[in-house]
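Report on the following structure.
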Amino acid sequence: MAYSLVLVSSTTVASCSVANITMPATAGNYQIRIAAICNGKECNAMDYFINTECKPVDCCKGGKWTNKSLDWDIKIKVEQAEGTELSNDPVKKSIPQNKKDKKTPAGAKIKPVDVSGGQLNPLSGSLKVAKCGDTLKINEGNEFTFNAAYTCNAALANCTGKVIAKVKDPNGVTYGTWPLPHLFNFATAGVYTVTYYTYCGETVCDSCTFYVNAAKDCCKDSEWKKAQYQVTNKKPNGDWDKTDKTYYSLPFTITSPIPVIKADVAIDLEKLEFSCAQGCTSGFILKRKNITTGVEETPEIIAVGGTPSLYAKAYPQLITIIPTCGGISCGKPIVFRLECLNKDCCVSDTIVFSTGISANGTVATGTEPQWYAPYPLKILSPGIAPFFGSGGAATILQDVVDVDNITSYTASRNITVSKNCNISFSGKLGIAKYNLHTWGSLFKSFKLHKGSAAGPVVWTHVSGTPGTVGTYVTNNFNGTVAATPGVYTFVFEYIRASPSWKFNSMFVTGIIVGNILPTSKDCCPSQNTGNTGIREYNNLFRSFRKCKWFEFRYGHM
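Using my numbering, the first residue of the sequence shown is number 116, and each one after it goes up by one.
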């Protein structure tokens, strides 16, 4: 007689023999049948039922989160104008691509501005959840990828992990559950409740709830509606010319080369209209940059309805107008060059004869020769350029002790003309007479020479003679010369015929006007500020308009 053992497979052993049974490694209920076999036939059978139990495996033991985040794909775009980045802010560069691009599913207008308790890492395209309960702030209408990772019990090889997510939107509607990573569109503004659940095997080991505040996207569907300007130029006499009432359009597209706008005085921004999302207020940031030096002025905020004047200057400017919605930069900026229309026109500079001081207060030199004194003066050298030539410092000699040795002298005053323009001069020439002698022996000439004192005479003054002893005569003089660029020299010649006339004296006062260096201004002076006043009537008219279309149109600038 023999016995038959049935488990997973059968085996036959001899009667009274020992059968070794190896149970499977998996716990469960098993049936063992022992059958007696006589002459090859099963005679009788007995069934045994065995239940094997194992200590449960803890796949969650030692588990930990390695990442919890909202991710997006990076697209870096840096627009340039005149070789200069319009923005070099890494946060602004690292923006999600357009959500229509399925390969890079993220919103195009996201501007993550704050993470409460978390960390903003724009270079990785990720908003990290530092701890459960955090609130991440984003803009509505953008798609993010829920992403997380959890490490299960590292000592057990058969513990596989996964993370799923559930979301409750601002309206209380629950979505999920989804295995991560999962793409989600935060289509509505408000606070979303997000919960990540981590599984190790079939067991939920941990969960983490955080919040996403999708702020209203004021830039949603924003666009330029209108941007115009008017031009203020100059009349031939130098007065501002505001007769051109044409509204010109500013460029909405950044092109290469940058568009150039020219004006004698300024352009006056008008009708800046940029539409934002409903309920959001528009505005503008004005930036000015000296293209020659690269120096930028402090940005200026243009309020709703603002119409600033942008003055042309002696150097080209890069003007950037950045639209904003709810205080956030939106859309494409308007970029153009502003240049002076007539840089080489004639502008009046003034120099005073008696002091050499220009209209802006500049003095040529501390040893400037004065053309007024109680005693005769002697100019020992031509003086300092551009006012007094290039021969060195001008020295004043009030020769009281050795006045008898002075029989005559020549006083020179040099100026440098900067452009082909008229220069004019006017003033008073005085001669004091203390003895009865003829005028000719006191005063020889007062002339203007082209170049040095030896150059051709382009103007001459003729005066009357002084009166009686102890008096002096003041002679008015004036003249205008069509000058070309270069040096001009005023020459005053004085002769004393006798030592007894030592108390005779002279003076010259007055001004020289024209394009004179080094204080020569330009047609586009840099000191102009404020508004040209071209729209004073228009602004007054606006203040009385109450039409609904007007209020809506200008209430969202």
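Built from N, CA and C at the ideal position, the CB exists for glycine as well.
No experiment lies behind these values; they were computed from the predicted model shown.
{"Item": "On the DSSP bridge assignment, give the partners of C440 in chain order.", "Value": "S397, I443"}
{"Item": "Excluding sequence positions up to five away, which residues of its chain have a Cβ less than 8 Å from the Cβ of N348?", "Value": "W355, D356, D359, A378, D379, V380, L456"}
{"Item": "Quick test of the definition: if touching needs 3 or more C-beta pairs under 8 Å, does the segment 242-256 touch the segment 322-338?", "Value": "yes"}
{"Item": "Can you give me the C-alpha to C-alpha distance between K104 and K252, rounded to a whole angstrom?", "Value": "The chain is shown from 116 up to 672; residue 104 falls before or after that span and cannot be answered."}
{"Item": "Would you mind working out which of T275, L271, K243 sits nearest F261, comparing C-alpha positions?", "Value": "K243"}
{"Item": "Does DSSP put S241 in a helix, in a strand, or in coil?", "Value": "strand"}
{"Item": "Taking the alpha-carbon of C174 as reference, which of I149, G276, V133 has the nearest alpha-carbon?", "Value": "G276"}
{"Item": "So, under 8 Å CB-CB, T422 and L365 are touching, yes? Tell me the CB distance rounded to an integer number of Å.", "Value": "Actually they are not in contact, since the Cβ atoms of T422 and L365 sit about 13 Å apart, beyond 8 Å."}
{"Item": "For the putative contact between P593 and S541, defined by C-beta atoms under 8 Å, what is the C-beta separation to the nearest angstrom?", "Value": "The question names Pro, but residue 593 in the sequence shown is Asn. The pair is a contact, with the Cβ atoms about 4 Å apart (cut-off 8 Å)."}
{"Item": "Going by alpha carbons, who is nearest to F607 out of L563, G629, V573, N144?", "Value": "L563"}
{"Item": "If A280 sits next to L295, beta carbons under 8 Å apart, how far is it from one beta carbon to the other, in whole angstroms?", "Value": "6 Å"}
{"Item": "Alpha carbon to alpha carbon, how far is Y673 from I449?", "Value": "Since the first and last residues shown for the chain are 116 and 672, residue 673 lies out of range."}
{"Item": "Within this structure, are the beta carbons of K176 and T266 separated by less than 8 Å?", "Value": "no"}
{"Item": "Who does G291 pair with in a DSSP beta bridge?", "Value": "K281"}
{"Item": "Pick out whichever of Q146, S337, I417 has its Cα sitting closest to the Cα of S390.", "Value": "S337"}
{"Item": "Out of N286, T308, E255, A269, point me to the one whose CA is closest to F301's CA.", "Value": "E255"}
{"Item": "Considering only the alpha carbon of each residue, which of T141, I147, A151 lies closest to V172?", "Value": "T141"}
{"Item": "In angstroms, rounded to a whole number, what distance separates the CA positions of D321 and N273?", "Value": "18 Å"}
{"Item": "Less than 8 Å between the C-beta atoms of R452 and P431, yes or no?", "Value": "yes"}
{"Item": "DSSP has V306 in a bridge; who is on the other side?", "Value": "N328"}
{"Item": "Of all the options A304, L401, K335, Y163, which has the alpha carbon lying nearest to the alpha carbon of N286?", "Value": "A304"}
{"Item": "Apply the 10 Å Cβ neighbour rule to D332 and answer buried if 16 or more other Cβ atoms are within range, or exposed otherwise.", "Value": "buried"}
{"Item": "So the candidates are T370, L185, I149; which of them puts its Cα closest to the Cα of N159?", "Value": "I149"}
{"Item": "Mapping DSSP to helix, strand and coil, what is W486?", "Value": "Because W486 carries a pLDDT of 31, less than 50, the predicted location of this residue cannot be relied on, and no value is offered for it."}
{"Item": "Verify whether the separation of the beta carbon atoms of K534 and C461 is less than 8 Å.", "Value": "yes"}
{"Item": "Can you give me the Cβ contacts of E157 inside the same chain, cut-off strictly under 6 Å, excluding the 5 residues immediately before and after it?", "Value": "A150"}
{"Item": "How is the beta strand (DSSP E) around F164 delimited, first residue to last?", "Value": "156-167"}
{"Item": "For F164, which residues of its own chain have a beta-carbon under 6 Å away from its beta-carbon, when the five flanking residues on both sides are left out?", "Value": "Q146"}
{"Item": "If N144 sits next to N166, beta carbons under 8 Å apart, how far is it from one beta carbon to the other, in whole angstroms?", "Value": "5 Å"}
{"Item": "Which class does C461 belong to by DSSP, given the choice of helix, strand or coil?", "Value": "coil"}
{"Item": "Between the alpha carbons of I443 and N268, how many angstroms are there, rounded?", "Value": "47 Å"}
{"Item": "Could you tell me which of P372, Y344, I376 sits nearest to T361, measuring between CA atoms?", "Value": "Y344"}
{"Item": "On the DSSP letters alone, give me the boundaries of the beta strand (DSSP E) that T137 sits inside.", "Value": "Note, T137: premise wrong, no beta strand (DSSP E); not H, not E."}
{"Item": "Nearest by alpha-carbon distance to W339: which of I530, G446, M138 is it?", "Value": "G446"}
{"Item": "What separation, rounded to the nearest whole angstrom, lies between the Cα atoms of L492 and V532?", "Value": "Its pLDDT being 33, under 50, L492 is placed unreliably by the model, and the measurement read from it follows with that caveat. Spanning the two alpha carbons is a distance of roughly 27 Å."}
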